[in-house]
Ligand code: NAD
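Residue numbers (the numbering used here): 170 to 431.
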């Protein structure tokens, strides 16, 4: 049997942290070697998983036990973890969003010391969809109109979703366009006819929809609808664990999910 990969989780008490633990315990190829949360977290001191490791707020003292760190926490915690990991030469997978420009810059610099994989969406399906959208956008060319639709639960506070933006960027890339210059974020009233190079966004909010995204490629007499439907938030955790397996054998550098999949 292969030796399991030892994973340290930063943000272990959070929604993503718990999903990562659950999904890691479901396989015998991964071992949780550190569970880290913030000082004062109710989870500290808890015994976690088959190995009964103790959740702590001190990554530095358990970093040597880890082959890879997976971080889904806060921007400050992500940066602290990345610095500790860089000092010890341990790769980092991070899905934490909302890093400031300065934090993002520092993370990019740390990637000269260790492999760092950062993704705004760890779903394998969404990353495959983005590639298909870029391909369809490029191959269809002018005469086909591109529109992005997304639907989420009623508690979501931002729109369009980060994933819709990612798909819009993929569509724009396929036409060598800059999304910021061609995006139409909403339509109402006398909008005039649609221009051929705009990329439109439609948003639905309601109920408990986990996340649906469709990119329409609409031509004369035909259209393609490329759709991803999320039914379970575990897709992000499983994608991050797959990324960790891939990352631990890579040289230092900055990576994303496309590097894992393609
Ligand atoms: P959450 O609030 O449920 O969990 C965050 C956890 O981090 C909490 O347990 C918190 O106590 C812990 N934490 C805070 N400070 C810490 C510190 N100094 N050290 C260690 N742990 C600390 O949030 P969540 O829903 O799990 O999301 C976490 C992050 O992941 C967010 O930035 C979110 O946007 C992002 N996210 C990304 C993806 C993706 O696919 N990239 C998917 C879901 C969530």
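Just so it is clear, CB atoms sit at the ideal spot from N, CA and C, and this is done for glycine as well. Since we're looking at a predicted model, the values are computed, not measured.
Residue i classed as buried or exposed, judged by whether at least 16 other C-beta atoms fall within 10 angstroms
i: residue 427; result: exposed
i: residue 195; result: exposed
i: residue 319; result: buried
i: residue 326; result: exposed
i: residue 415; result: buried
i: residue 233; result: exposed
i: residue 265; result: buried
i: residue 230; result: exposed
i: residue 291; result: buried
i: residue 397; result: buried
i: residue 270; result: exposed
i: residue 359; result: exposed
i: residue 208; result: exposed
i: residue 324; result: exposed
i: residue 356; result: exposed
i: residue 420; result: exposed
i: residue 407; result: buried
i: residue 405; result: buried
i: residue 186; result: buried
Continuous alpha helix (DSSP H) stretch holding residue i: start and end
i: residue 338; result: 331-343
i: residue 307; result: 293-309
i: residue 290; result: Here residue 290 belongs to no alpha helix (DSSP H), and DSSP marks it neither H nor E.
i: residue 215; result: Here residue 215 belongs to no alpha helix (DSSP H), and DSSP marks it neither H nor E.
i: residue 275; result: 270-279
Cβ-Cβ separation, residue j to residue i (assumed contact under 8 Å), whole Å
i: residue 376; j: residue 322; result: 6 Å
i: residue 302; j: residue 333; result: That pair is no contact at about 11 Å.
i: residue 240; j: residue 263; result: 4 Å
i: residue 370; j: residue 352; result: 7 Å
i: residue 242; j: residue 183; result: 7 Å
i: residue 218; j: residue 190; result: 7 Å
i: residue 268; j: residue 244; result: 5 Å
Contact under 8 Å by Cβ, residue i with residue j
i: residue 309; j: residue 388; result: yes
i: residue 255; j: residue 282; result: yes
i: residue 175; j: residue 236; result: yes
i: residue 222; j: residue 205; result: no
i: residue 379; j: residue 409; result: no
i: residue 374; j: residue 314; result: no
i: residue 343; j: residue 304; result: yes
i: residue 261; j: residue 238; result: yes
i: residue 246; j: residue 180; result: yes
i: residue 401; j: residue 286; result: no
i: residue 193; j: residue 212; result: no
i: residue 316; j: residue 365; result: no
i: residue 248; j: residue 275; result: yes
DSSP beta-bridge partners of residue i
i: residue 284; result: 422
i: residue 327; result: Partner(s): none; residue 327 has no beta bridge.
i: residue 237; result: 176
i: residue 200; result: 175
i: residue 357; result: In DSSP, residue 357 forms no bridge with anything.
i: residue 374; result: 321
i: residue 225; result: 205
i: residue 368; result: 315, 352
N-terminal and C-terminal residue of the beta strand (DSSP E) that residue i is part of
i: residue 408; result: Looking at the DSSP string, residue 408 is not in any beta strand (DSSP E); the run it does join, the alpha helix (DSSP H), is 403-416.
i: residue 387; result: 380-387
i: residue 186; result: Here residue 186 belongs to no beta strand (DSSP E); instead the alpha helix (DSSP H) covers 184-194.
i: residue 399; result: 392-399
i: residue 252; result: Not the beta strand (DSSP E): residue 252 falls in the alpha helix (DSSP H), residues 244-257.
i: residue 315; result: 314-321
i: residue 348; result: Here residue 348 belongs to no beta strand (DSSP E); instead the alpha helix (DSSP H) covers 348-351.
i: residue 263; result: 261-263
Interface flag, residue i vs chain D, CB-CB below 8 Å
i: residue 398; result: Here chain D cannot be found, since the structure has a single protein chain.
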